[in-house]
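Position 242 of the sequence shown, counting from 1, maps to 242 under this note's numbering, and the rest follow consecutively. Here a beta-carbon is modelled for each residue, glycine too, at the ideal position from N, C-alpha and C. Because the structure is a prediction, the values reported are computed rather than measured. Below you'll find the structure, written out as structure tokens, and then a few comments.
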Amino acid sequence: MTGGLRPRLGISATLAATLALTAPAGVRAAEGDSQDDGRPGTFVLQVENDLFGGGTDQYYTQGVQVTFVPKDKWEPQWFKDLMGMIPGVDLDGQSTYVAALGQQMFTPEDTTRTDPDPTDRPYAGWLFGSVGAIVEKPESNLLQNVSLDLGIVGPASLAGYTQRRWHTLINVGLPRGWGKQLSNEPGVVLSYQARLRQEILGPDNFLELDMTPTAGVALGNVLTQGTVGASVRLGQNLGLTYGAPFIRPSLPATAIVRRKGQFGWNLFAGVEGRAVARNIFLDGNTFSDSRSVDKNNFVLDFQGGIEFTMGYARLSFTQIFRTREFQGQRVPSQFGSISLSAIF
């Protein structure tokens with residue numbers, strides 16, 4: 001890019017303060033774990049950035065999400081009723097409730113222009129909170145994940161503020177086109193994802209191997225899509241997790257970490273196809289005129305990475321390759337994801 005390499009690993013002071021105020025001191029381990037040492041739950045920090053591996057500054061350029069999984073069940077009746085309306089979701093299984101707060105930002109390829117290329121991806125930000133349930137059925141190796149995201153697209157998402165503040169902090173050129181970003185619009189997304197773990201080589205072997213087909217659907221004014229995919233893992237103690245977590249849209253995984261005091265590791269790879277009916281970050285605002293591009297209705301994500309689990313913590317690094325999302329996109333997207341989970 002003409003503006004050179006501009007890494008962004010931070011979040012704005014405003015968002016950081018919000019995360020600090022809303023995220024409790026810890027989060028919860030998987031249900032069925034026999035250990036109970038007074039720790040309140042599991043805390044997950046995820047950072048996705050196109051600097052990691054890709055070394056770029058364009059398209060989906062950064063995402064940050066903090067997730068809290070409480071050890072003690074949180075079961076408000078309205079939430080149980082809402083989850084129960086979704087076909088196939090049985091909250092009578094081993095259910096884990098989660099809450100998250102996140103921010104994502106999207107930019108065109110050239111961020112030096114005050115009036116961005118109208119054929120390029122528009123500037124857009126998404127600030128959201130999420131509540132959901134992870135329902136595990138160990139007898140069938142089925143894991144279901146349902147969530148409700150509520151947030152705001154546009155200047156109120158603080159994405160432009162975040163990026164400008166960070167670029168100022170590290171003394172690199174400022175992105176100049178945020179004045180042309182999508183307008184403020186409340187957003188809602190209801191998502192359902194399922195994964196069916198198939199054990200190929202079990203724990204009696206030196207190396208374990210599993211394969212997990214996945215499927216999901218998302219409905220909302222921010223994102224409406226259907227997904228089908230699969231992932232494979234090779235390593236030791238695969239049962240400690242269900243795979244590395246990602247910020248949507250990506251292959252479904254969970255924030256579950258089993259605290260058995262064991263060391264586990266695995267190499268993983270996966271592919272997911274997404275049939276996209278609506279993506280506000282490409283289609284533009286729902287109720288007002290805005291910048292937009294002609295999206296591709298079918299997108300593929302390829303990903304690979306490594307994950308480590310030890311004691312009360314999990315660390316994973318993933319590289320994601322995404323096919324072109326809109327007509328005229330010059331190159332596919334590439335970004336990395338770092339996730340740290342800890343039981344406090």
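N-terminal and C-terminal residue of the beta strand (DSSP E) that residue i is part of
i: Arg-165; result: Not the beta strand (DSSP E): Arg-165 falls in the alpha helix (DSSP H), residues 159 to 169.
i: Phe-317; result: 313 to 322
i: Leu-150; result: 142 to 153
i: Leu-196; result: 185 to 196
i: Asp-301; result: 298 to 310
i: Ala-244; result: Looking at the DSSP string, Ala-244 is not in any beta strand (DSSP E), and its letter there is neither H nor E.
i: Leu-330; result: The question names Leu, but residue 330 is Arg in the sequence shown. From DSSP, Arg-330 is part of no beta strand (DSSP E); its letter is neither H nor E.
i: Asp-210; result: 208 to 220
i: Thr-227; result: 223 to 236
Burial state of residue i, where buried means 16 or more other Cβ atoms lie within 10 Å
i: Gln-77; result: exposed
i: Asp-115; result: exposed
i: Asn-49; result: buried
i: Ala-99; result: buried
i: Gln-198; result: exposed
i: Pro-175; result: buried
i: Gly-328; result: exposed
i: Asn-145; result: buried
i: Leu-169; result: exposed
i: Ala-29; result: In this prediction, Ala-29 has a pLDDT of 40, which is less than 50 and means its spatial position is unreliable; what the coordinates show is noted afterwards. Its Cβ being crowded by 16 or more others within 10 Å, Ala-29 is buried.
i: Ala-218; result: buried
i: Glu-307; result: buried
i: Ile-200; result: exposed
i: Pro-138; result: exposed
i: Ser-337; result: buried
i: Ser-157; result: buried
i: Gln-353; result: Outside the displayed range of the chain (1 to 344) lies residue 353, so it cannot be described from this structure.
i: Asn-205; result: exposed
i: Asn-171; result: exposed
i: Ala-277; result: exposed
i: Val-228; result: exposed
i: Ser-288; result: exposed
i: Gly-160; result: buried
CB contact flag (residue i, residue j, <8 angstroms)
i: Phe-268; j: Arg-233; result: yes
i: Thr-214; j: Ser-191; result: no
i: Gly-270; j: Leu-238; result: no
i: Thr-67; j: Val-293; result: no
i: Ile-152; j: Leu-127; result: yes
i: Phe-298; j: Gly-273; result: yes
i: Ser-185; j: Gly-220; result: Sequence check: residue 185 is Glu here, not Ser. Taking 8 angstroms as the Cβ cut-off, Glu-185 and Gly-220 do not qualify as a contacting pair.
i: Asn-179; j: Glu-208; result: Residue 179 is actually Gly in this sequence, not Asn. Cβ distance not < 8 angstroms, so Gly-179 and Glu-208 don't count as in contact.
i: Ala-275; j: Tyr-312; result: no
i: Thr-111; j: Gln-334; result: no
i: Leu-196; j: Thr-212; result: yes
When the options are compared against residue i, the one with the closest alpha-carbon
i: Lys-295; options: Trp-166, Leu-282, Ser-183; result: Leu-282
i: Ser-95; options: Ile-134, Trp-126, Gly-187, Val-44; result: Ile-134
i: Gly-202; options: Leu-240, Thr-309, Val-131; result: Leu-240
i: Thr-61; options: Lys-71, Arg-113, Arg-121; result: Arg-121
i: Leu-82; options: Gln-104, Gly-132, Thr-42, Leu-196; result: Gly-132
i: Leu-51; options: Phe-321, Arg-278, Asp-289; result: Phe-321
i: Gly-150; options: Trp-178, Leu-158, Gly-187, Ala-342; result: The residue asked about is misnamed: residue 150 is Leu in this sequence, not Gly. When only C-alpha atoms are compared, the closest one is Gly-187.
i: Leu-143; options: Thr-224, Ser-333, Gly-243, Gln-225; result: Gly-243
i: Asn-141; options: Ala-194, Asp-57, Pro-70, Ser-288; result: Ala-194
i: Pro-108; options: Gly-336, Phe-326, Ser-339; result: Phe-326
i: Gln-104; options: Gln-334, Lys-80, Thr-162; result: Thr-162
i: Leu-340; options: Ser-333, Thr-318, Thr-323; result: Thr-318
i: Gly-102; options: Leu-148, Thr-323, Arg-113, Asp-289; result: Leu-148
i: Val-44; options: Gln-58, Gly-54, Val-69; result: Val-69
i: Arg-330; options: Gly-53, Thr-42, Pro-40, Gln-58; result: Gln-58
i: Phe-106; options: Tyr-97, Gly-125, Asn-266, Arg-291; result: Gly-125
i: Gly-53; options: Met-310, Gly-304, Gly-229; result: Gly-304
i: Gly-177; options: Asp-210, Val-189, Gln-262, Arg-113; result: Arg-113
i: Thr-348; options: Asn-285, Asp-117, Tyr-97; result: Residue 348 lies beyond the residue range present for the chain, which begins at 1 and ends at 344; the question has no answer from this structure.
i: Val-64; options: Gly-129, Gly-84, Pro-40, Lys-71; result: Gly-129
i: Gln-225; options: Ala-159, Ile-280, His-167, Gln-262; result: Ile-280
i: Asp-117; options: Lys-71, Arg-291, Gln-262; result: Arg-291
i: Thr-309; options: Asn-266, Gly-284, Asn-285; result: Asn-266
i: Arg-324; options: Gly-284, Phe-344, Leu-300; result: Leu-300
Check: residue i C-beta below 7 angstroms from any heavy atom of the ligand SAM
i: Gly-132; result: The ligand content of the structure shown is nil, which means the ligand SAM is not present either.
For residue i, the first and last residue of its enclosing alpha helix (DSSP H)
i: Leu-282; result: 280 to 283
*Enumerate, from N- to C-terminal direction, the unbroken alpha helix (DSSP H) stretches of 4 or more residues contained entirely within the region 50 to 132.*
77 to 84
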